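Undergrad: In full-length UniProt numbering, the protein residues as written are 1 to 243.
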Ligand SMILES: Nc1ncnc2c1ncn2[C@@H]1O[C@H](COP(=O)(O)OP(=O)(O)OP(=O)(O)O)[C@@H](O)[C@H]1O
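1) Work out the CA separation of residue 44 and residue 213 for me, nearest whole Å.
2) Here's a check: name, in chain order, each residue in its chain whose Cβ is nearer than 7 Å to the Cβ of residue 15, leaving out the five neighbours to either side.
3) Is it true that the stretch 148-165 meets the stretch 110-117, where meeting means three or more beta-carbon pairs spaced less than 8 Å apart?
4) Between residue 224 and residue 58, what straight-line distance do the alpha-carbon atoms span, to the nearest angstrom?
5) Can you tell me whether residue 199 is helix, strand or coil according to DSSP?
6) Is the Cβ-Cβ distance between residue 246 and residue 167 less than 8 Å?
7) Got a list of residues with beta-carbon closer than 5 Å to any non-hydrogen atom of ligand 1, in chain order?
8) Take residue 120 as the anchor and find which of 93, 7, 85 has the nearest alpha-carbon.
9) Of the residues 190, 175, 50, 165, which one's Cα is nearest the Cα of residue 98?
10) Do residue 12 and residue 204 have their beta-carbon atoms positioned less than 8 Å apart in this structure?
11) Using three-state DSSP, classify residue 44 as helix, strand or coil.
12) Should residue 53 be labelled buried (16 or more other beta-carbon atoms within 10 Å of its own) or exposed?
13) Whose CA, out of 183, 64, 40, 22, lies closest to the CA of residue 85?
14) Using a Cβ-Cβ cut-off of 6 Å (strictly less than) and excluding sequence neighbours within five positions of residue 56, which residues of its own chain qualify?
15) Between residue 125 and the rest of its own chain, which residues show a CB-CB distance below 7 Å, the 5 nearest in sequence each way excluded?
16) For residue 199, collect the residues of the same chain with a Cβ closer than 7 Å to its Cβ; drop the 5 residues on either side in sequence, then sort them by chain order.
17) Straight-line CA distance for residue 79 to residue 87?
18) Under the assumption that residue 60 contacts residue 67 (Cβ atoms under 8 Å), give the Cβ distance between them as a whole number of angstroms.
19) Mind checking which residues open and close the beta strand (DSSP E) that includes residue 89?
20) Would you decide whether residue 240 is buried or exposed? Buried here means 16 or more other CB atoms lie within 10 Å of its CB.
21) My output table needs one value for residue 182: the three-state DSSP class, helix, strand or coil.
22) Is the beta carbon of residue 179 closer than 8 Å to that of residue 152?
23) In whole angstroms, what is the alpha-carbon distance linking residue 62 and residue 133?
24) Going by DSSP, which residues form a beta bridge with residue 18?
This is the structure in C-alpha cells:
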C-alpha cells in the first residue's frame with residue numbers, strides 16, 4: 001500500500017519528534033523519532049494498542065503538549081517555537097478539538113457551547129451549516145439545555161458539533177466515538193467524513209475502532225512510540241491484522 005502522493009499538500013509535519021515523560025525509573029519514551037506528514041483534506045486515523053503513544057502524538061500535533069525533541073509544522077507554521085499566545089491563536093483559528101471528556105462549558109446552553117469557538121475566533125457563524133450539523137447529530141431539540149441535562153452520548157455530539165461549526169482547517173479528535181452507540185457513532189463519523197469531502201477540512205483521529213478504516217483515507221498504526229504501518233485505503237480486516 002502506497003502512501004506517497006505528490007498532489008497532496010502536507011498540513012501537519014512531524015520531523016524527528018520524540019516525547020519522553022518522567023525521569024530515571026519513571027522515564028517513558030512515548031514517541032520515538034517520529035517522521036510523518038499528514039495531508040490536507042484527508043481523514044487520517046491513528047490506531048494502535050493502549051499506551052502506544054496515540055494520544056501523545058495527537059496532543060503534540062495540536063500544540064497541547066511540547067515534544068522533547070523534533071519539529072512540528074502545522075499549516076506551514078513551526079509550532080514548536082511559538083510563544084504561548086501565538087500558539088493559542090493558532091489553535092483557536094485553525095484547529096477544532098473533540099475529546100472523550102467533552103470539555104463543554106457547564107454554565108451555558110448547548111447552542112452557546114457550539115458557537116463558542118467561532119465567537120472566540122471572531123468569525124461569523126454560518127447558521128445554515130450550524131443547522132445542518134445540529135440536525136444530523138440529533139441535537140435540534142436540545143439547544144437550550146445545559147450540558148448536564150444531556151446524556152453522555154449527547155454531550156459527545158455537542159463536542160463534535162462545536163468542533164465542526166467554525167469549520168477549522170484541522171479537526172483533531174481523540175476517540176470521538178468512544179462513548180457512543182453504534183448508530184450515533186456512525187453518524188458522527190459520517191459528519192466528519194462530510195467535513196472532509198464537502199469543506200476540504202482535515203481530520204486527524206485517534207481511535208481503537210478498526211471499522212473506522214472505512215471512512216479513513218489513511219490509517220497510521222502506532223506501536224511502542226513508533227509508526228508501525230501507514231496505509232492508504234486500508235480495510236478494517238487489514239487494520240485488525242496489524243493491531
Ligand atoms: N502525562 C504523562 N506522564 C507520564 N507518562 C505518560 C503521560 N501521558 C502518557 N504517558 C505514557 O506515555 C505512553 C503513551 O501514552 P498515550 O496516552 O499516548 O498512549 P495511547 O496510545 O493514547 O493509549 P490509550 O489507547 O490507552 O489511550 C504510555 O506509556 C503512558 O503511560
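Built from N, CA and C at the ideal position, the CB exists for glycine as well. Bear in mind the structure is a predicted one, so any value in this text is a computation, not a measurement.
TA: According to the structure shown:
1) As a working mapping, residue 213 is identified with position 213 in the chain shown. As a working mapping, residue 44 is identified with position 44 in the chain shown. Those two C-alpha atoms are separated by around 9 Å.
2) Start at 1 with the first residue of the chain shown, and residue 15 comes out as number 15. Closer than 7 Å at Cβ, skipping near neighbours: 35, 70, 71.
3) yes
4) For this step, residue 224 is matched to residue 224 along the chain shown. For this step, residue 58 is matched to residue 58 along the chain shown. For residue 224 and residue 58, the distance between alpha carbons rounds to 15 Å.
5) The residue you call residue 199 lines up with position 199 of the chain shown. Looking at residue 199 - three-state DSSP - the assignment turns out to be helix.
6) The question about residue 246 has no answer, for the chain in this structure spans 1 to 243.
7) 21, 28, 30, 50, 51, 52, 53, 54, 55, 56
8) Here residue 120 is taken as the residue at index 120 of the chain shown, counted from 1. Nearest C-alpha to residue 120: 93.
9) By one-based count along the chain shown, residue 98 stands at place 98. For the residues 190, 175, 50, 165, the minimum Cα distance to residue 98 belongs to 175.
10) In the chain shown, residue 204 corresponds to position 204, counting from 1. In the chain shown, residue 12 corresponds to position 12, counting from 1. Yes.
11) For this step, residue 44 is matched to residue 44 along the chain shown. Correct three-state label for residue 44: strand.
12) As a first step, residue 53 is located in the chain shown; it is residue number 53 there, counting from the start. Buried is the call here.
13) In the chain shown, residue 85 corresponds to position 85, counting from 1. The shortest Cα separation from residue 85 among 183, 64, 40, 22 belongs to 64.
14) Against the chain shown, residue 56 aligns to sequence position 56. 19, 30, 31, listed in sequence order.
15) Looking up residue 125 in the chain shown gives position 125. Taken in chain order, the residues that qualify are 115, 118, 165.
16) Reading the chain shown from its first residue, position 199 is the one you call residue 199. Hits under 7 Å: 167.
17) Taking the first residue of the chain shown as 1, we reach residue 79 at position 79. Taking the first residue of the chain shown as 1, we reach residue 87 at position 87. So the alpha carbons of these two residues sit roughly 7 Å apart.
18) The residue given as residue 60 occupies position 60 in the chain shown. The residue given as residue 67 occupies position 67 in the chain shown. Indeed, because the Cβ distance is near 5 Å, the residues count as touching under 8 Å.
19) Residue mapping note: residue 89 aligns to position 89 of the chain shown, counting from 1. That residue, residue 89, is in no beta strand (DSSP E); its alpha helix (DSSP H) goes 84-94.
20) Within the chain shown, numbered from 1, the residue matching residue 240 stands at position 240. Classification of residue 240: exposed, given that the 10 Å Cβ count is below 16.
21) Mapped onto the chain shown, residue 182 falls at position 182. Note: residue 182 maps to helix in three-state DSSP.
22) As a working note, residue 152 is residue 152 in the chain shown. As a working note, residue 179 is residue 179 in the chain shown. It is a contact, given that the beta carbons lie within the stated cut-off.
23) Translated into the one-based positions of the chain shown, residue 62 becomes position 62. Translated into the one-based positions of the chain shown, residue 133 becomes position 133. Cα-Cα distance, rounded: 23 Å.
24) Stepping through the chain shown from its first residue, residue 18 is reached at position 18. According to DSSP, residue 18 bridges with 69.
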